[in-house]
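Enquirer:
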Amino acid sequence: MRTFIFNFRPYISQHWTRIIGSIVLSFALAGIKGYQIYLVRPIFDKGLAPNATFRSIFILASLLLALSLINFPIRFLHFYWIRFVEERVMCDLRLKLMAKFQRLPMSYYSTAKQGKLISALTNDTTIIAQGLRAIIDIIREPVTAIIMLGVAMYHDWQLTLVMLIVTPLFLAIFIATGKKLKRTQEVVQEDLAIMAHNATEGIMGQKISKAFNLQNYIILRFHKAQELFFKSKIKTTFIEEFTHPLVEVVGALAFSGVIVFAHFRITSGQLSTGGFVSFVAALAMVMDPIRKYSQANVKLSQATAGGDRVFSLLALDEEIDRGQLMLDKFHHSIELKNVTFSYGEGAIIKNLSLTINKGQKVALIGLSGSGKSTIINLLLGLYPINSGEILIDGHPIGSIKLQSLRKIFGLVSQDIFLFNDTIRENLQVGKNISDKDLQRALKISYADNFIRELPRQLDTVIGDRGTRLSGGQQQRLTIARAFLQNNDVLLFDEATSALDNESEKIVQQALEELAQEKTVVAVAHRLSTIQNYDQIYVLKAGELIEQGTHSTLMANNSDYARLYELSQKV
22 MRTFIFNFRP
32 YISQHWTRII
42 GSIVLSFALA
52 GIKGYQIYLV
62 RPIFDKGLAP
72 NATFRSIFIL
82 ASLLLALSLI
92 NFPIRFLHFY
102 WIRFVEERVM
112 CDLRLKLMAK
122 FQRLPMSYYS
132 TAKQGKLISA
142 LTNDTTIIAQ
152 GLRAIIDIIR
162 EPVTAIIMLG
172 VAMYHDWQLT
182 LVMLIVTPLF
192 LAIFIATGKK
202 LKRTQEVVQE
212 DLAIMAHNAT
222 EGIMGQKISK
232 AFNLQNYIIL
242 RFHKAQELFF
252 KSKIKTTFIE
262 EFTHPLVEVV
272 GALAFSGVIV
282 FAHFRITSGQ
292 LSTGGFVSFV
302 AALAMVMDPI
312 RKYSQANVKL
322 SQATAGGDRV
332 FSLLALDEEI
342 DRGQLMLDKF
352 HHSIELKNVT
362 FSYGEGAIIK
372 NLSLTINKGQ
382 KVALIGLSGS
392 GKSTIINLLL
402 GLYPINSGEI
412 LIDGHPIGSI
422 KLQSLRKIFG
432 LVSQDIFLFN
442 DTIRENLQVG
452 KNISDKDLQR
462 ALKISYADNF
472 IRELPRQLDT
482 VIGDRGTRLS
492 GGQQQRLTIA
502 RAFLQNNDVL
512 LFDEATSALD
522 NESEKIVQQA
532 LEELAQEKTV
542 VAVAHRLSTI
552 QNYDQIYVLK
562 AGELIEQGTH
572 STLMANNSDY
582 ARLYELSQKV
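Residue 22 is where the sequence shown starts when you use this note's numbering, and the numbers rise one by one after that.
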């Protein structure tokens, strides 16, 4: 728990005024409750006695009403401040986690499960924020219990001592269940993440699910994940629900002893009826904070388990950016010198050297797995190379700040990503771009015609990942977005591979418009689109096997010529 509180502290430090105020108010609430219980004795012994005057009962009733009126604003502020801090901390944690996700290296996402990250962002942060209330309850409830014990002690210290005999049993229950709950809650959170991941796949993969009749398979996978979650959750529930009645049984055991002992005290005249009723009320109020303390202990165990997951994510190493150089423009050339790279075991790029001069249009071709898209990833600084060097205008790529490097390059990929927002927002992506510039970009990308036909045009919401648009329309929007970024070097990573022939022609025209007066590095699957490129590099198993123009390579009866002839038959 100490580790949890240490990690949690930065998120609550700016809210100390409300937290301390809430704790102070909780003590005031406990004091008011204790005084209300204390008044039970004079109400029975004096206010309701046969010889009681109206004045005495009126004073006691007025006092109870006054305490309730005082209690109202105190209780409101106490719980409002807790909820305020709870919600604020939850939002801050989620923002911190999302910012962390944006700074993690690409290598992390090659093995990470989306469901685990989504579960941490939504479920775990909620549980952690609720841990704040649990901490305050753990502070408040013992104070409330002590005040009630003080009232009980005031009425009859001997009966109170009988009650205190069971205190070690309460402590033993809390310690034992707290440790077990933390362990089981960790398993629950892991299983919940797996279930969330399967749910994400089942929802996002609808096209493949239907095309391959995988509905039953996806349902079965989700069912298995859900059953794992159910079993771990039920185990946790068993401990939780076993703990609460066990605490009540121990309390009832002590209370039974108190009643027996009280009988002898009342019959011997050592304790009045009003004193006994007030004492019993105080004991009942002691049981309430003990019960709430037990529940808070459970919540804190859950929050600690959630905290372990979230804070471990926040502690992950971020994308390394050692570069200090800021480049405003691309001036001369991009050079790869003896570059070797691997994602894990086995090199994807092997001792590769090539040069791309400013203004050139260069194509990378080869069979699947030859390393074409990997070169695009390396140019974007998404992965560090194992050996060799990549030079941008003579500067090692590692010496250039990543933000500056990525301003040089504009990417149009086969992996289309659009936000579930308006066309305008997808083009502006947080920048203030005029409608005139937007229209120019849409015209160049051949997207203006279909947007003009939409009811709300630029303000049309396009759905999750742009699903309300066709593949060709989606790609034309990404081309318009790339145009608005005005990058010096354009990277086309099989930008038309997923399109039908008609859409491909339109998108190819848009790419050519976009590429005017730009340096282009294109990964191409249709070789007819790169015939006029200045240089074509042919890759095989991560190695450069030949290079030249289309006409030169065709004349040499090269591997490129065979690939070209094969592509013409498709």
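All C-beta atoms in this analysis are idealised placements derived from N, C-alpha and C, irrespective of residue type, glycine included.
1) Hey, out of Leu267, Glu269, Val271, Val209, whose CA is closest to Lys254's CA?
2) Taking only the alpha-carbon atoms, compute the straight-line gap between Ile396 and Met347 and give it to the nearest angstrom.
3) What runs of the alpha helix (DSSP H), each 4 residues or longer, lie entirely inside the segment 421-486?
4) Rounded C-beta distance between Gly392 and Ile370? I'm assuming under 8 Å.
5) Just checking my contact of Thr146 with Leu125 at CB under 8 Å: how many whole Å lie between their CB atoms?
6) Beta-carbon within less than 7 Å of Leu213's beta-carbon, same chain only, minus the 5 sequence neighbours each way: which residues are those?
7) What alpha helix (DSSP H) runs, 4 residues minimum, are completely inside the segment 250-282?
8) Between the Cα of Ile91 and the Cα atoms of Tyr56, Gly171, Ala193, which residue gives the shortest distance?
9) Does the beta-carbon of Tyr558 have 16 or more other beta-carbons within 10 angstroms, so that it is buried, or is it exposed?
10) Here's the rule: buried if 16 or more other CB atoms are within 10 angstroms of the residue's CB, otherwise exposed. What is Gln556?
11) Beta carbon of Leu46, beta carbon of Leu98: below 7 Å?
12) Kindly indicate which three-state DSSP category Lys134 falls into: helix, strand or coil?
13) What does Pro3 pair with, by DSSP beta-bridge criteria?
14) DSSP state of Ala545, grouped into three classes?
15) Apart from the five residues just before and just after Ile40, which ones in its own chain have a Cβ nearer than 7 Å to its Cβ?
16) Please list the terminal residues of the continuous alpha helix (DSSP H) segment that includes Ser43.
17) Just to confirm, is the Cβ distance from Ser549 to Glu567 under 7 Å?
18) What number of angstroms, rounded off, separates the C-alpha of Thr258 from the C-alpha of Thr181?
19) With a floor of 4 residues, list each alpha helix (DSSP H) that falls wholly inside the segment 95-164, ordered by position along the chain.
20) Determine, using beta carbons only, whether Asn508 and Gly409 come nearer to each other than 7 Å.
21) Could you tell me the distance, in whole angstroms, from the CA atom of Ile418 to the CA atom of Gln424?
22) Reducing DSSP to helix, strand and coil, say where Ala336 ends up.
23) Could you give the residue range of the alpha helix (DSSP H) that holds Leu400?
24) CA-CA distance, Asp485 and Leu373?
25) Looking at the structure shown, is Phe25 part of a helix, part of a strand, or coil, going by DSSP?
26) Taking all protein chains shown into account, do 16 or more other C-beta atoms lie within 10 angstroms of the C-beta of Trp102, making it buried, or fewer, making it exposed?
27) For Ile437 versus Gln495, is the C-beta spacing smaller than 7 Å?
28) When you compare only the Cα positions, how much space is there between Trp178 and Lys54?
29) Could you check the C-alpha separation between Asn28 and Ile44 for me, to the nearest Å?
30) By Cβ distance below 7 Å, which residues in the same chain neighbour Leu170 in space, the five residues on each side in sequence not counted?
31) Alpha carbons only, please: which of Val544, Ile355, Gly380 is nearest the one belonging to Ser434?
32) First and last residue of the alpha helix (DSSP H) that includes Phe351?
33) Can you give the Cα-Cα distance for Leu512 and Leu385, rounded to whole angstroms?
34) What does DSSP give as the partner residue(s) for Ala167 in the beta ladder?
35) Rounded to whole angstroms, what is the Cα-Cα separation between Ala582 and Arg445?
36) Suppose the cutoff is 7 Å on Cβ atoms and the five residues either side in sequence are ignored; what does the same chain contact list for Leu584 look like?
Expert: According to the structure data:
1) Nearest neighbour of Lys254 by Cα position, chosen from Leu267, Glu269, Val271, Val209, turns out to be Val209.
2) 22 Å
3) Complete alpha helix (DSSP H) runs here, min 4: 423-429, 444-449, 456-465, 469-473.
4) 5 Å
5) At roughly 17 Å, the Cβ-Cβ gap does not stay under 8 Å, so Thr146 and Leu125 are not in contact.
6) Ser140, Asn144, Phe250
7) none
8) Tyr56
9) buried
10) Buried is the call here.
11) yes
12) coil
13) No answer is possible for residue 3: the residues shown for the chain start at 22 and end at 591.
14) The answer is coil: DSSP assigns Ala545 none of H, G, I, E or B.
15) Ile33, Val106
16) Its alpha helix (DSSP H) spans residues 37-59.
17) no
18) 33 Å
19) 127-130, 135-140
20) Inclusion of Asn508 and Gly409 in the CB contact set at 7 Å is not warranted, their separation being larger than that value.
21) If you take the alpha carbons of Ile418 and Gln424, they lie about 12 Å apart.
22) coil
23) 393-400
24) 39 Å
25) If DSSP states are grouped into helix, strand and coil, Phe25 belongs with the helices.
26) buried
27) yes
28) 20 Å
29) 21 Å
30) Thr181, Val307
31) Val544
32) In the DSSP assignment, Phe351 falls outside any alpha helix (DSSP H) and carries neither an H nor an E.
33) In a straight line, the C-alpha of Leu512 is about 11 Å away from that of Leu385.
34) Here residue 167 is Ile; the residue named in the question, Ala, does not match the sequence. In DSSP, Ile167 forms no bridge with anything.
35) 43 Å
36) Ile386, Leu548
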